[in-house]
Amino acid sequence: MDRPEKQYGERQEVKILILGAGAVGGYWGSRLHQAGIDVTFLLREKRAETVRKNGLVVKSPKTGDAVLPVKVVTKASDGGPYEVIVLACKGYDLSSAIDAIAPAVGANTTIVPILNGHMHFAILDGRFGKARVAGGLARIGGMLGPNGEILHSGASGVSFGERDGSPARPALVELDQACKKAGIVGGLNPNINQDLWDKWIMLGAIAGMCSAMRGTVGDIAESEEGAAIMAEALEECRKVAAAEGYPPSDKVVDAIRTSLTQKGGKSVASILGDIEKGSAVEAKSIVGDMLARARKHGLAAPTLRFAYAHLQTYEARRARGGLK
Amino acid sequence: MKTLILGAGAIGGYIGGRLQQGGADVTFLVRPARREALARNGLVIKSPKGDVTQKVKTVLKGGEGGPYDVVLLTNKAYDMDSAIEAIAPAVGPNTALVPLLNGMNHLDVLDAKFGAGRVAGGVARIGVALSPEGEIRHTSPFAAFSVGERGGKPARPALAEFATAIKKAGLDGGLHDNIVQDLWDKWVFLCTLAALCCLMRGTSGDILAAEEGQAIVLETLEECRKVAAASGYDPSAQGLGFARQSLSQKGSLFAASMLHDLEKGSMVEADHVVGDMIARARKTGVATPNLRLAYAHLQIYLARRARGGIGKPAL
Chain A
56 MDRPEKQYGE
66 RQEVKILILG
76 AGAVGGYWGS
86 RLHQAGIDVT
96 FLLREKRAET
106 VRKNGLVVKS
116 PKTGDAVLPV
126 KVVTKASDGG
136 PYEVIVLACK
146 GYDLSSAIDA
156 IAPAVGANTT
166 IVPILNGHMH
176 FAILDGRFGK
186 ARVAGGLARI
196 GGMLGPNGEI
206 LHSGASGVSF
216 GERDGSPARP
226 ALVELDQACK
236 KAGIVGGLNP
246 NINQDLWDKW
256 IMLGAIAGMC
266 SAMRGTVGDI
276 AESEEGAAIM
286 AEALEECRKV
296 AAAEGYPPSD
306 KVVDAIRTSL
316 TQKGGKSVAS
326 ILGDIEKGSA
336 VEAKSIVGDM
346 LARARKHGLA
356 APTLRFAYAH
366 LQTYEARRAR
376 GGLK
Chain B
357 MKTLILGAGA
367 IGGYIGGRLQ
377 QGGADVTFLV
387 RPARREALAR
397 NGLVIKSPKG
407 DVTQKVKTVL
417 KGGEGGPYDV
427 VLLTNKAYDM
437 DSAIEAIAPA
447 VGPNTALVPL
457 LNGMNHLDVL
467 DAKFGAGRVA
477 GGVARIGVAL
487 SPEGEIRHTS
497 PFAAFSVGER
507 GGKPARPALA
517 EFATAIKKAG
527 LDGGLHDNIV
537 QDLWDKWVFL
547 CTLAALCCLM
557 RGTSGDILAA
567 EEGQAIVLET
577 LEECRKVAAA
587 SGYDPSAQGL
597 GFARQSLSQK
607 GSLFAASMLH
617 DLEKGSMVEA
627 DHVVGDMIAR
637 ARKTGVATPN
647 LRLAYAHLQI
657 YLARRARGGI
667 GKPAL
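Residue numbers (this note's numbering), protein chains in the order written: chain A, 56 to 379; chain B, 357 to 671.
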């Protein structure tokens with residue numbers, strides 16, 4: 056892409072499309088919008104109508120409440136071209152998400168997927184070519200309220216970068232600058248693969264155990280063996296990451312272990328909320344794929360095996376309409 | 357022979373109602389509200405083996421209406437202290453105590469309180485629940501009650517008479533010459549079923565839908581079998597075959613009643629059914645990794661229940 060020479064003090068800003076306006080993509084996009092960044096949301100008709108009528112409603116004890124008149128399209132071919140497409144969907148919605156963004160993906164588009172685990176990369180690479188797909192993750196806490204409002208809580212960081220470790224392409228540098236302008240923690244990460252694994256081992260342990268044990272971190276720590284079982288699950292995940300070439304640092308593992316075995320700890324994986332609502336869960340991408348990789352490397356993962364069996368039992372019961 | 361039954365709940369109500377139909381002299385030891393309901397509506401049994409509504413004798417105190425030859429206990433294990441207190445006045449020198457509880461630990465508790473000589477063994481095999489209206493709803497195709505002396509000695513007269521009454525009532529079971537083996541056989545099966553239905557939060561059929569479900573079921577059954585064997589009561593091949601078969605029915609809606617208790621937010625016999633199996637495994641050097649996870653699940657449920665977190669969003 057030919058870029059005009061930029062003059063000092065004047066930058067051409069990155070044009071960003073965000074798929075969906077859920078807790079993660081919606082919050083991130085709202086912060087970018089507030090900082091004057093060119094952000095557009097790609098939404099389904101119904102959601103688009105609500106956001107056009109009421110604005111994007113964000114409630115955050117940390118960064119304040121806001122009602123934002125954000126740009127909305129219902130077709131990815133509208134409003135482009137976009138240099139960055141942020142894909143913040145659930146793993147089980149990936150194929151419909153791909154269909155939705157496909158018309159917006161051009162020669163110079165970078166896709167930043169914010170999904171859990173690693174399974175989505177092979178699918179996105181296969182569809183759009185590896186060069187277009189960056190690595191990304193979000194550490195944003197929150198959920199959608201009953202009227203589609205974004206209820207933000209806890210962390211608000213993002214991390215993205217080149218998966219092959221090469222210097223970041225201009226679009227990612229610009230996305231980084233946009234995030235900094237918006238005061239978002241994190242941003243460009245030269246070692247995004249390690250960060251993805253660091254997040255996944257934490258998530259594999261907390262999502263696996265909060266599901267299989269049906270309780271919060273604090274509830275789990277209350278039982279005789281709960282903290283030991285959580286630590287075992289984390290260790291199983293750590294070994295998988297190491298075998299995959301991304302051994303987490305001791306500092307990272309210690310910090311995760313401390314937070315996941317904390318007595319009275321209130322943290323809980325959002326997958327437990329999904330289970331208790333009877334919703335679909337990211338069982339395969341968070342736990343099943345970790346277990347599959349453990350097997351590939353000949354690693355014992357007895358705790359993850361139970362967690363995945365629990366999730367598959369849940370899915371079978373849900374499929375037969377057996378959740379009351 | 358006079359029989360006192362503690363409570364007129366699902367199991368006690370069913371066996372008591374059937375014994376009385378067979379001509380036995382049965383009295384129920386109940387709380388005032390239950391007594392009033394029984395006086396008003398009678399004892400109502402709804403069952404594939406026939407519905408019946410009968411007037412029944414009730415007392416509010418163990419010291420009334422006796423002496424009793426047999427006192428039947430059908431309480432939950434976690435109610436043992438109050439059960440003991442309730443029946444104590446009814447237990448005389450010649451009373452046979454017949455507990456129909458799951459697991460084994462209650463026998464030690466009753467022995468310590470009343471002396472091992474008074475305490476017989478008993479096993480109930482029945483799917484039955486108490487409806488909100490107080491009716492006994494029998495759902496399983498079977499209804500079997502076995503009793504016997506734990507030392508393998510000949511049954512004392514009261515127990516032999518009680519076994520005859522079981523037969524006369526048209527119930528399956530009766531006198532068992534190795535009741536402790538029968539208790540273990542049932543426990544091995546029940547512990548596997550309850551541990552996995554709760555840990556996986558599904559019916560036996562739901563569990564089998566998971567890739568590793570069948571393997572996990574068989575491993576868990578084997579853990580329990582090893583504990584029984586190490587304790588001197590290796591289940592028979594026939595008993596194990598039955599357990600394996602009934603836990604391997606794809607699509608089955610069969611589940612442990614403990615799962616229903618869990619989903620209602622009720623108390624569960626976690627320690628008695630699963631915890632005590634693990635305790636005996638440790639004592640005999642048997643590894644039980646699957647039961648360990650199941651027991652953790654149950655303890656975590658109880659912790660969440662204790663903080664009032666059941667039925668509320670976890671997030």
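Backbone N, C-alpha and C fix where the C-beta goes; we use that ideal spot for every residue, glycine too.
Can you check whether the C-beta of residue i is within less than 8 Å of a C-beta belonging to chain B?
| i | result |
| --- | --- |
| residue 316/A | no |
| residue 357/A | yes |
| residue 365/A | yes |
| residue 74/A | no |
| residue 308/A | no |
| residue 128/A | no |
| residue 371/A | yes |
| residue 182/A | no |
| residue 228/A | no |
In angstroms with no decimal places, state the Cα-to-Cα distance between residue i and residue j.
| i | j | result |
| --- | --- | --- |
| residue 612/B | residue 602/B | 12 Å |
| residue 665/B | residue 379/A | 19 Å |
| residue 535/B | residue 428/B | 16 Å |
| residue 563/B | residue 359/A | 16 Å |
| residue 376/B | residue 546/B | 29 Å |
| residue 334/A | residue 626/B | 28 Å |
| residue 587/B | residue 632/B | 13 Å |
| residue 445/B | residue 566/B | 51 Å |
| residue 571/B | residue 599/B | 14 Å |
| residue 136/A | residue 163/A | 9 Å |
| residue 673/B | residue 553/B | Since the first and last residues shown for chain B are 357 and 671, residue 673/B lies out of range. |
Helix, strand or coil for residue i, going by three-state DSSP, please let me know.
| i | result |
| --- | --- |
| residue 686/B | An answer regarding residue 686/B cannot be provided, because it is not within the stretch 357 to 671 covered by chain B. |
| residue 269/A | coil |
| residue 604/B | coil |
| residue 84/A | helix |
| residue 485/B | strand |
| residue 317/A | coil |
| residue 118/A | coil |
| residue 562/B | helix |
| residue 285/A | helix |
| residue 374/A | helix |
| residue 548/B | helix |
| residue 364/B | coil |
| residue 168/A | strand |
| residue 225/A | helix |
| residue 64/A | The predicted position of residue 64/A is uncertain, since its pLDDT is 42 and thus under 50; a value taken from the coordinates is nonetheless stated next. Three-state result, residue 64/A: coil. |
| residue 355/A | coil |
| residue 341/A | helix |
| residue 56/A | Confidence at residue 56/A is low in this model, with a pLDDT of 41, below 50, so its placement is unreliable and no value can be given for it. |
Among the options, which residue has its Cα nearest to the Cα of residue i?
| i | options | result |
| --- | --- | --- |
| residue 146/A | 119/A, 175/A, 353/A, 158/A | 175/A |
| residue 496/B | 640/B, 623/B, 403/B | 403/B |
| residue 650/B | 659/B, 594/B, 619/B, 548/B | 548/B |
| residue 385/B | 401/B, 379/B, 412/B | 412/B |
| residue 538/B | 623/B, 460/B, 658/B | 460/B |
| residue 541/B | 560/B, 578/B, 607/B, 569/B | 578/B |
| residue 383/B | 368/B, 488/B, 526/B | 368/B |
| residue 485/B | 357/B, 655/B, 364/B | 364/B |
Does residue i come within less than 8 Å of chain A when only Cβ atoms are used?
| i | result |
| --- | --- |
| residue 562/B | yes |
| residue 659/B | yes |
| residue 460/B | no |
| residue 655/B | yes |
| residue 615/B | no |
| residue 603/B | no |
| residue 623/B | no |
| residue 670/B | yes |
| residue 486/B | no |
| residue 555/B | yes |
| residue 422/B | no |
Would you mind telling me which residues of chain E sit closer than 8 Å to residue i, beta carbon to beta carbon, in chain order?
| i | result |
| --- | --- |
| residue 664/B | Looking for chain E here will not work: the only protein chains present are A and B. |
| said: Against chain B, which members of the region 264-281 of chain A pass a CB distance test of less than 9 Å? | reply: 265, 267, 268, 269, 270, 271, 273, 274, 275, 276, 277, 278, 279, 280, 281
| field | Contact set between the region 361-380 of chain B and chain A, restricted to residues whose Cβ is under 8 Å from the partner | value | none
| task | With 7 Å as the limit, tell me which residues of the region 563-583 of chain B have their beta carbon closer than that to any beta carbon of chain A; keep them in chain order. | result | 563, 565, 566, 567, 568, 569, 572
| field | Near-chain B residues of the region 71-103 of chain A - C-beta to any C-beta below 9 Å | value | none
| task | Closer than 7 Å, Cβ to Cβ, to anything on chain A: give me those residues from the region 628-652 of chain B, in chain order. | result | 645, 648, 649, 652
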